[in-house]
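Chains as they are written, first to last, in the working numbering: chain E, 1 to 268; chain B, 1 to 287.
Beta carbons: idealized from backbone N, C-alpha and C, even for Gly.
A quick note: this is a predicted structure, and the numbers were derived from the prediction, not measured.
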Amino acid sequence: MSDVEYTVDEIMCTALAAQYRDGDEVCNGMASFIPIAAIMLARMTTTPDLVWLAGAAGVDPRPAKVAASTLENPLWGDSVMYLEQYSDFWHYAQNGRNLQIFCVGAAQLDMYGNPNNSVIGTDYHRPKVRLPGTAGLGDMGSLGKRLFYWNPNHSPRALVEKVDFRSAAGFLGGGDEREKLGLTGGPEIVVTNLGVMDFHPVSKRMRLRSVHPGQTVESVQAATGFELLLPDDGNVPETTKPTAEQVRLLREVIDPDAHCKREAGVKV
Amino acid sequence: MSLQEAAALVGDGDVVALQNMATQAAPMAMVRELIRAGKKNLGVVCLVGGMPVDWLAAAGVIDRFIGAAVSMETFGLCQQYRKAVEEGRVRVEELSETSLNARLGAGARNLPSLPTRGLIGTDLIDINENLKTFQDPFTGETLVACRALVPDVALIHAHRCDEMGNVQYDPTIIWPDLGIMPKAAKKTIVTCEEIVDTEVLRRNPDRTVLPYFRVDAVVEVPYGAHPTSFYPKYTYDTRFHLEWVKVARDDEATKAFMDTYIFGPETQADYLDAVGGAERLMEVTRL
């Protein structure tokens with residue numbers, strides 16, 4: 001196959017889209033252009049029956065393209081139903097039957113997949129940086145959901161050994177700590193601008209699953225604030241590149257306004 | 001009733017539940033009036049607070065925030081709020097969405113608390129005296145009890161009301177906070193796009209979302225949610241948000257901004273002129 005030109009937001013989209021299976025049910029949060037483009041791409045190509053609740057409110061929307069906001073009209077254009085955010089949404093989301101996947105960002109994410117969107121610093125009430133707050137993630141981490149993390153700025157400041165504050169439950173201290181609290185589900189995948197990570201099934205430590213073309217195990221490790229585990233056979237493959245058709249859909253149909261590119265710091 | 005008379009129903013130190021979801025549906029005219037009136041030591045409750053929380057923090061009106069997040073979504077963090085928290089001027093009671101819903105739900109139902117399954121395993125429980133884990137008496141399962149929250153006042157913006165306080169909403173996505181805040185709060189103040197005769201409401205009772213016996217004051221304020229969105233009538237004002245984001249990192253520029261848009265305009269019409277008049281209104285109503 002000839003080399004397809006693509007940008008980093010596009011390989012993040014295709015890597016995320018590849019995680020979905022038909023019948024999965026996913027909702028997106030605030031300021032999440034890449035996750036939304038990935039969902040739209042998956043629904044257009046590999047998993048037309050992927051259930052999407054746009055902005056945790058619009059059921060099965062058909063937006064013409066990625067909108068200027070992921071928590072505003074017209075993201076939920078052509079929805080078949082609107083859920084009321086405060087109560088109705090949580091009636092569906094608080095049990096395991098629906099909306100099993102939540103695709104979310106974290107200002108800090110640690111080696112066991114615990115996120116921090118609350119504060120940077122050691123004193124919660126006099127933080128160095130006040131972050132937006134846990135919002136729905138503080139619930140999603142404890143409700144048996146599958147968490148898909150994404151971050152277009154993979155760095156030692158974002159992927160840290162231990163978060164300053166645990167805004168939601170990942171695998172806590174690792175091993176069976178999560179199970180012992182009676183929590184099911186948990187972090188499943190981390191897609192960044194450098195590669196794709198998952199979690200070791202026993203230790204629950206973050207593990208490098210693939211590196212994006214142009215990256216190496218060493219370069220991803222150098223950008224990470226803790227030691228990443230490698231697959232058991234020690235072999236870290238390249239992330240599958242976007243196809244020409246995926247790139248065309250993303251550029252011409254899904255995100256012609258290049259919101260994902262700006263989100264990933266790609267020049268437009 | 002005027003905005004000034006309605007604002008007089010809010011006392012210093014009150015806990016105020018504010019309708020808002022990032023860039024959506026905030027009673028902004030009422031928020032500006034609270035700032036003009038020089039209210040002090042308010043606590044503000046939001047699911048996701050945006051520009052109004054930033055303004056209230058900048059003006060020194062609030063000293064605590066109770067809610068799940070503060071963000072202007074695509075326009076980024078609320079810098080004045082952030083600074084106020086980092087300097088210790090605003091204290092944060094950070095809740096998840098279900099625990100905020102449980103606190104307000106218990107307040108509305110006159111219960112001491114309601115439980116949630118959310119937050120288990122997080123650091124948010126230990127630092128919050130209003131959250132406690134307990135064993136469910138039926139299953140033995142560990143849950144989080146969320147203490148009842150009864151705000152002193154709920155502030156809501158709606159499409160139309162009658163003089164008695166019946167509140168109507170047009171079909172739109174997310175009726176932020178209408179379902180819970182006025183039901184939990186001791187008082188409710190509603191600003192609305194228009195006040196109409198009760199007979200108008202009777203034509204579509206399915207759109208009436210709050211009954212007059214739960215509403216204490218109504219004020220007609222067209223475009224009263226600007227610069228936040230208020231579908232289906234108008235969307236959020238992108239240019240205005242960008243202007244605020246640009247000044248909010250600088251205290252002097254913030255002060256000048258507030259003089260221009262909050263302290264300067266005497267009426268809602270003056271305010272709408274200040275933000276760009278008919279041209280800007282045409283822009284935000286082009287959905």
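- Interface residue (Cβ-Cβ distance to chain E less than 8 angstroms): B/A57 is not classified as such.
- Think of a sphere of 8 angstroms around the beta carbon of E/T122: no beta carbon from chain B falls inside it, the nearest being about 12 angstroms out.
- Close partners of E/G175 in chain B (Cβ separation under 7 angstroms) are lacking, with about 14 angstroms as the shortest Cβ gap.
- For B/E243, no Cβ of chain E is located within less than 8 angstroms of the residue's own Cβ.
- Inclusion of E/L71 and B/A68 in the CB contact set at 8 angstroms is not warranted, their separation being larger than that value.
- When DSSP states are grouped into helix, strand and coil, E/E161 belongs to the coil group.
- For B/P115, the uninterrupted beta strand (DSSP E) segment begins and ends at S113 to T116.
- Counting C-beta pairs closer than 8 angstroms gives three or more between the segment 100-108 of chain E and the segment 24-36 of chain E, which meets the contact rule.
- Secondary structure of B/G11 (DSSP, three-state): coil.
- Identification of chain B residues near E/W52 by a Cβ-Cβ cut-off of 9 angstroms yields none; the smallest Cβ-Cβ distance measures about 14 angstroms.
- Here the alpha carbon of E/P127 sits roughly 44 angstroms from the alpha carbon of E/R248.
- Under the Cβ distance rule, E/D49 does not count among the residues neighbouring chain B, no pair being separated by less than 8 angstroms.
- As the crow flies, the alpha-carbon of B/I156 is around 17 angstroms from that of B/Y236.
- Closer than 8 angstroms to the CB of E/E72 there is at least one CB belonging to chain B.
- Contact annotation: the segment 40-48 of chain E does not touch the segment 11-28 of chain B, with fewer than three C-beta pairs closer than 8 angstroms.
- As computed with DSSP, E/M197 is found in a beta bridge with E/V190 and E/L208.
- If you draw a 10 Å sphere on the C-beta of B/Q4, you find fewer than 16 other C-beta atoms in it, and that means exposed.
- For the 8 angstroms CB-CB criterion, E/A68 and E/H259 form a contact.
- In this structure, E/G175 is the residue among E/N193, E/G175 and E/G265 with its C-alpha nearest to the C-alpha of E/V202.
- The Cβ neighbour count for B/Q135, taken over all protein chains shown within 10 Å, is under 16; the residue is labelled exposed.
- In chain order, R117, G118, L119, I120, G121 and T122 make up the part of chain B whose C-beta sits under 8 angstroms from the C-beta of E/S142.
- Contact annotation: in the segment 181-210 of chain E, residues whose CB is within less than 9 angstroms of a CB in chain B are L181, G182 and L183.
- At least one CB atom of chain B sits nearer than 8 angstroms to the CB of E/R178.
- If you draw a straight line from the Cα of B/Y212 to the Cα of B/L178, it comes to about 14 angstroms.
- The continuous stretches of beta strand (DSSP E) do not include B/H241, which lies in the alpha helix (DSSP H) extending over residues T238 to V247.
- Separation of E/A17 and B/A58 (C-alpha to C-alpha, rounded to the nearest whole angstrom) is 41 angstroms.
- In the three-state reduction of the DSSP assignment, E/Q85 falls in the coil class.
- Separation of the CB atoms of B/V221 and B/T198 is rounded to 20 angstroms, and the pair is thereby denied contact status at 8 angstroms.
- DSSP places E/R166 outside both helix and strand once states are collapsed to three, so it counts as coil.
- When secondary structure is reduced to three states using DSSP, E/E5 falls in the coil class, being assigned neither helix nor strand.
- Taken through DSSP and simplified to helix, strand or coil, B/I127 comes out as coil.
- Taken in chain order, the complete alpha helix (DSSP H) segments of 4 or more residues contained in the segment 52-112 of chain B are 79-86 and 97-108.
- Between B/A84 and B/P112 the beta-carbon gap is near 31 angstroms, outside 8 angstroms, which marks them as no contact.
- In this structure, E/Y20 keeps its C-beta atom at 8 angstroms or more from the C-beta atom of E/K241.
- Within 10 angstroms of the beta-carbon of B/R239 lie fewer than 16 other beta-carbons, which makes it exposed.
- Of the residues B/R214, B/N166, B/T172 and B/E283, the one whose Cα lies closest to the Cα of B/V200 is B/N166.
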